[in-house]
Amino acid sequence: MDGVVEIITGRERRRRWSLEAKLRIVAETQEPGSLVRAVAARHGVCESLVFTWRRQVRDGLLTASEMPVFMPVQVFEAPLSGAGPGRSEQPSVPAPAPTPSRPQAGLIEIELGGGRQVRVGSDINLAALRRVLAALRG
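In structure tokens:
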């Protein structure tokens, strides 16, 4: 008897998608004229999974806040208060001139480019901030 033998070594493993990949795929589906079916096929993902990710993004359950993000910052040197041992009355590096629009304590400034800025308090609701930023990004 001549035949073919198939050896099964284990279960097929599920593919794991990084948060960055999920968000990138969802963003592709939100571009004008794009079809979820085409985007899913291009990435080898089941359509229903892409729809699940879209719903999670809409509901604030799948967000980029889980990923570390590095943003440019400006550091201002605070003047030294009082002279003491090993400290002079004048700082060794002159402090920069104060800027007229210096942020208040607890204020977060987000520069979106094109001269657009968003200023929010540190107690902002994250879901609301996500919606505002998404609307401003277009």
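Counting from 1, one number per residue, gives the positions in the sequence shown under this note's numbering.
We put the CB at the ideal spot given by N, CA and C, even for glycine.
Opposing strand residues paired with residue i [DSSP bridges]
i, result
"Gly113", "Arg116"
"Gly33", "Beta-bridge pairing links Gly33 to no other residue."
"Gly44", "Per DSSP, none; premise fails for Gly44."
"Gly60", "Paired residue(s): none; Gly60 is not in a bridge."
DSSP-derived helix/strand/coil call for residue i
i, result
"Leu107", "strand"
Chain-order list of residues whose beta-carbon lies under 7 Å from that of residue i (same chain, five-residue window excluded)
i, result
"Gln30", "none"
"Gly121", "Gly106 and Leu107"
"Gly60", "Ala127 and Arg130"
Local Cβ density within 10 Å of residue i, reported as buried at 16 or more and exposed below that
i, result
"Ile25", "buried"
"Ala40", "buried"
"Val50", "buried"
"Val5", "exposed"
"Val73", "exposed"
"Val141", "Since the first residue of the chain shown is 1 and the last is 138, residue 141 is not available in this structure."
Same chain, Cβ closer than 6 Å to residue i, five either side skipped, listed in chain order
i, result
"Leu126", "none"
"Ile110", "Val118"
Neighbourhood of residue i by C-beta distance below 8 Å, restricted to the same chain and skipping five residues each side
i, result
"Arg137", "Leu112"
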